[in-house]
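Remarks on the structure that follows.
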Ligand SMILES: C[S@@+](CC[C@H](N)C(=O)[O-])C[C@H]1O[C@@H](n2cnc3c(N)ncnc32)[C@H](O)[C@@H]1O
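Numbering (this note's numbering), first residue to last: 1407 to 1660.
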C-alpha cells in the first residue's frame, strides 16, 4: 500500500500536517486533503492546506486548546468513526507528525477496534523542523550524537511525570522540549540541579515556520527569564547546537 493510494470511501487517513506552513506538508498529505469528503482539523494543523480541500468538503475544527475550544479525544474518535461509517473519505489533519505527542495511535486504535479502515501519512515533526527553521540542527557531527525529545507539559516534580531529569541532564544529547512554555523555569531548574552546565546554549523558537516566527536565545540559567512572556506554540532547544539559532539566514542559503 503506497502513501499516494487513493482514499477509499468509508475510511480514515491520519495526516501529519507539519509545523504550520502548508509548504512543509508531504505530497501524500496534500493528495489526501484534496480527496477528503470531511476533514477533522487541529488548531496546529496548517490552515493554508485547507485551500487544497474540495469546495464541497466539510471542515470540522476539533481543537484542544488549554484555555480555548476543547474537543475531548473520545469525541474526536467518535466523529472519525461516524463519518467513515457514513461512507465518507475522512482526513484527520494534525500538526507535525501525529505519532509525536499527537495521540495518533489512540485514533488509529479507535478506528481499527471499530472495524474502520485507517492508515497513516507521517508528517514533518516540529521537534526537528522548528529548530531547523531557526537554523539549529538537532545533531551535528563531532558535537552531539543524539537528541532527546521530551514533553514539558507536566512540571518535573509532578507525580505523573515519568521523565528522568538526572538522566536527561547527563545524556550528552540535545534536549528538545515540546509543550514546555508554562513549565520552562521548572524544567531548566531541574536540569541545573542535576548538574547541567548553566552556560549551555538554549533557544526558544516560537511559531516556527509562520511569518511571525520568533527566536529567543540565552544560556540555560537565563532562558526562562528571557522567554518569560512567550505564548505557545514554541519549541525549546537546549545544547551546544542552540548556539547557531537564527545564524543561518535565507540570504546566506541562496
Ligand atoms: C501537542 S504537541 C504536537 C506535536 C506535533 N505532533 C509534532 O510532531 O510537531 C504541540 C507542541 O508542538 C510544538 N509545536 C508545534 N508546531 C509548532 C510551531 N510551528 N512552532 C513552535 N512549536 C510548535 C509546540 O511545543 C507545541 O506545544
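Note that the Cβ used here is the ideal one computed from N, Cα and C, for glycine as well.
Treat the numbers as computed from the prediction; the structure is a model and nothing was measured.
Distance CB(residue i)-CB(residue j) smaller than 8 Å
{"i": "residue 1634", "j": "residue 1536", "result": "no"}
{"i": "residue 1642", "j": "residue 1529", "result": "no"}
{"i": "residue 1561", "j": "residue 1571", "result": "no"}
{"i": "residue 1612", "j": "residue 1632", "result": "no"}
{"i": "residue 1555", "j": "residue 1584", "result": "yes"}
{"i": "residue 1524", "j": "residue 1444", "result": "no"}
{"i": "residue 1601", "j": "residue 1576", "result": "yes"}
Supposed contact pair residue j and residue i - C-beta distance, whole angstroms, cut 8 Å
{"i": "residue 1676", "j": "residue 1648", "result": "This structure does not reach residue 1676, given that the chain is present from 1407 up to 1660, and the question cannot be answered."}
{"i": "residue 1582", "j": "residue 1544", "result": "6 Å"}
{"i": "residue 1580", "j": "residue 1645", "result": "4 Å"}
{"i": "residue 1496", "j": "residue 1514", "result": "In fact, because the Cβ distance is near 13 Å, the residues do not count as touching under 8 Å."}
{"i": "residue 1436", "j": "residue 1455", "result": "7 Å"}
{"i": "residue 1640", "j": "residue 1540", "result": "At roughly 11 Å, the Cβ-Cβ gap does not stay under 8 Å, so residue 1640 and residue 1540 are not in contact."}
{"i": "residue 1630", "j": "residue 1597", "result": "With 8 Å as the limit, residue 1630 and residue 1597 do not qualify as a contact, their Cβ atoms being about 11 Å apart."}
{"i": "residue 1484", "j": "residue 1460", "result": "Not quite, the Cβ-Cβ distance comes to about 24 Å (not below 8 Å), so this is no contact."}
Euclidean distance between Cα positions of residue i and residue j
{"i": "residue 1661", "j": "residue 1412", "result": "An answer regarding residue 1661 cannot be provided, because it is not within the stretch 1407 to 1660 covered by the chain."}
{"i": "residue 1599", "j": "residue 1638", "result": "26 Å"}
{"i": "residue 1538", "j": "residue 1564", "result": "30 Å"}
{"i": "residue 1608", "j": "residue 1569", "result": "20 Å"}
{"i": "residue 1659", "j": "residue 1458", "result": "Its pLDDT being 41, under 50, residue 1659 is placed unreliably in this model, and the coordinates cannot settle the point."}
{"i": "residue 1410", "j": "residue 1434", "result": "5 Å"}
{"i": "residue 1517", "j": "residue 1617", "result": "36 Å"}
{"i": "residue 1520", "j": "residue 1605", "result": "52 Å"}
{"i": "residue 1492", "j": "residue 1425", "result": "31 Å"}
{"i": "residue 1416", "j": "residue 1475", "result": "28 Å"}
{"i": "residue 1387", "j": "residue 1567", "result": "As shown, the chain starts at 1407 and ends at 1660. That puts residue 1387 outside it, with no answer to give."}
{"i": "residue 1509", "j": "residue 1453", "result": "20 Å"}
{"i": "residue 1619", "j": "residue 1480", "result": "33 Å"}
{"i": "residue 1657", "j": "residue 1534", "result": "Here residue 1657 scores only 45 on pLDDT, less than 50, and its place in the model is too uncertain to base an answer on."}
{"i": "residue 1430", "j": "residue 1603", "result": "35 Å"}
{"i": "residue 1507", "j": "residue 1588", "result": "17 Å"}
{"i": "residue 1512", "j": "residue 1477", "result": "15 Å"}
{"i": "residue 1420", "j": "residue 1505", "result": "10 Å"}
{"i": "residue 1621", "j": "residue 1423", "result": "22 Å"}
{"i": "residue 1578", "j": "residue 1586", "result": "20 Å"}
{"i": "residue 1442", "j": "residue 1414", "result": "9 Å"}
{"i": "residue 1522", "j": "residue 1494", "result": "11 Å"}
{"i": "residue 1661", "j": "residue 1482", "result": "Absent from the model: residue 1661. The displayed extent of the chain is 1407 to 1660, so no value can be given."}
{"i": "residue 1408", "j": "residue 1592", "result": "44 Å"}
Touching by the beta-carbon criterion (3+ pairs, under 8 Å), the stretch 1483-1500 and the stretch 1625-1642: no
Touch test, the stretch 1457-1472 against the stretch 1547-1564, Cβ-Cβ under 8 Å, three pairs minimum: Cβ pair count under 8 Å is below three, so no.
Touch test, the stretch 1494-1513 against the stretch 1434-1451, Cβ-Cβ under 8 Å, three pairs minimum: yes
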